[in-house]
Ligand code: G6P
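In UniProt numbering, the protein residues as written are 236 to 579.
(1) Going by the C-beta, is residue 523 closer than 7 Å to any heavy atom of the ligand G6P?
(2) Would the beta-carbon of residue 256 be found less than 7 Å away from any heavy atom of the ligand G6P?
(3) Assess contact between the segment 282-294 and the segment 390-407, defined as three or more Cβ pairs (one per stretch) separated by less than 8 Å. Is contact present?
(4) Using DSSP with H/G/I as helix, E/B as strand and the rest coil, what is residue 534?
(5) For residue 497 and residue 445, what's the separation of their Cα atoms in angstroms?
(6) Give me the residue from 521, 481, 494, 495 with the minimum Cα distance to residue 505.
(7) What does a CB cutoff of less than 6 Å around residue 531 pick up in its chain, not counting 5 residues either side in sequence?
(8) Identify the residues that DSSP records as bridge partners of residue 467: which are they?
(9) Could you give the first and the last residue of the continuous beta strand (DSSP E) run that contains residue 427?
(10) Out of 360, 432, 330, 367, state which residue places its alpha-carbon closest to the alpha-carbon of residue 344.
(11) Considering only DSSP beta bridges, list what residue 398 is partnered with.
(12) Nearest-angstrom Cα distance between residue 495 and residue 239?
(13) Which residues have a Cβ closer than 7 Å to any heavy atom of the ligand G6P, listed in chain order?
(14) Would you list the residues sitting across from residue 280 in a DSSP beta bridge?
(15) If I follow the unbroken beta strand (DSSP E) through residue 518, where does it start and stop?
(16) Between the Cα of residue 356 and those of 377, 484, 451, spot the shortest distance and give me the residue it belongs to.
(17) Straight-line CA distance for residue 246 to residue 300?
(18) Give the single residue among 439, 462, 329 whose Cα lies nearest to the Cα of residue 478.
(19) Judging by CA-CA distance, which residue of 550, 543, 363, 539 is the nearest neighbour of residue 533?
(20) In the structure shown, what three-state DSSP assignment does residue 266 receive?
(21) May I ask you to verify whether the segment 381-388 touches the segment 449-460, counting CB pairs closer than 8 Å and requiring at least 3?
(22) Evaluate residue 390 with the Cβ neighbour count: other Cβ atoms within 10 Å of its Cβ, from every protein chain shown; 16 or more gives buried, anything less gives exposed.
(23) Around the C-beta of residue 563, are 16 or more other C-beta atoms found within 10 angstroms, so that it is buried, or is it exposed?
(24) Determine contact between the segment 554-568 and the segment 409-420, defined as no fewer than three beta-carbon pairs at a distance below 8 Å.
(25) Roughly how far, in whole angstroms, is the beta-carbon of residue 401 from the beta-carbon of residue 266, given that I think they are within contact range, below 8 Å?
(26) Name the DSSP bridge partner or partners of residue 372?
(27) Could you please give the first and the last residue of the uninterrupted alpha helix (DSSP H) stretch that includes residue 529?
(28) So, residue 293 versus residue 309, is the Cβ gap smaller than 8 Å?
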């Protein structure tokens with residue numbers, strides 16, 4: 236088994252380190268003509284997914300709506316089946332395994348309503364590929380760790396390519412170089428943040444725009460493998476309840492990168508500091524202004540914001556991983572969880 240882990244302590248860490256390659260391979264594989272046509276013809280897109288795949292679908296919504304002007308709806312598979320919304324346009328099922336029962340059920344409902352359907356999956360020949368009209372295959376390779384890592388970024392590679400296609404190739408350059416930035420953050424020193432999180436009972440993760448689902452995913456990773464209670468929030472929503480929980484023992488991990496929400500994020504961070512919560516901020520390298528107002532500053536490369544979505548996500552995977560290791564958890568096989576959930 237040690238040789239299959241390639242010298243890494245866990246499959247999860249190995250898979251985190253495989254992300255530059257799996258992202259690059261998924262971009263390189265591109266989108267075939269039938270899928271291209273389907274995507275170009277869609278005047279509305281609904282995505283159905285569960286777990287981590289639900290988070291990539293939400294990132295897609297935050298990118299595709301403002302950048303391509305296309306209405307996007309995202310539904311959790313288990314809700315969709317019983318509370319089916321009126322359906323028009325393309326329905327995309329996002330599933331690493333292609334076998335998640337709730338996602339398959341939702342996909343079948345979309346088919347029954349005569350919607351064109353696309354599966355985005357890592358598993359050729361899986362059930363979603365047989366149900367959907369077309370498949371866009373991610374090239375992550377087998378993922379053994381229960382916590383999704385490289386399949387998450389490979390899903391983003393597939394979904395970002397759809398955004399790029401609808402935006403006439405505007406992000407060709409960003410996407411073709413993204414793997415380099417992903418490689419850079421693998422080496423980021425995060426030990427201070429790990430020390431803080433491994434002592435905490437609760438950790439909040441906050442961001443705005445696409446960094447909101449990135450924060451939800453950061454929190455999911457943290458809770459599933461370290462068992463530290465974590466919640467992902469839209470940064471502006473903390474004051475509507477969670478503020479009551481902020482103490483010097485409740486770290487907040489905030490993603491704050493340049494762009495239209497930078498200023499408002501910085502003032503949110505000051506509000507958290509005023510409630511004495513230690514703040515760990517992910518910001519772009521060289522952002523001394525941000526570094527000064529937070530307790531721990533973790534730099535990510537100053538790249539296109541699509542790429543920052545990826546690098547920030549990878550840093551949060553590492554934070555969850557090292558926190559889980561510090562707490563001596565069974566990282567690759569967290570309690571009560573399965574890699575693929577084939578029951579409703
Ligand atoms: C399980 C896994 C998660 C995964 C979810 C959806 O809960 O532990 O990592 O995100 O299922 O899986 P799918 O294969 O449909 O992406």
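Glycine included, every Cβ here is placed at the ideal spot set by N, Cα and C.
In terms of the structure at hand:
(1) no
(2) no
(3) yes
(4) strand
(5) 13 Å
(6) 481
(7) 427, 428, 515
(8) 440
(9) Note, residue 427: premise wrong, no beta strand (DSSP E); alpha helix (DSSP H) at 426-434.
(10) 367
(11) None, per the DSSP bridge assignment.
(12) 44 Å
(13) 284, 285, 286, 287, 288, 329, 330, 331, 332, 333, 334, 335, 338, 381, 382, 383, 386, 572, 573, 574, 575, 576
(14) 307, 325
(15) 514-519
(16) 377
(17) 35 Å
(18) 439
(19) 550
(20) coil
(21) yes
(22) buried
(23) exposed
(24) no
(25) The pair is not a contact, with the Cβ atoms about 11 Å apart (cut-off 8 Å).
(26) 356
(27) Note, residue 529: premise wrong, no alpha helix (DSSP H); not H, not E.
(28) yes
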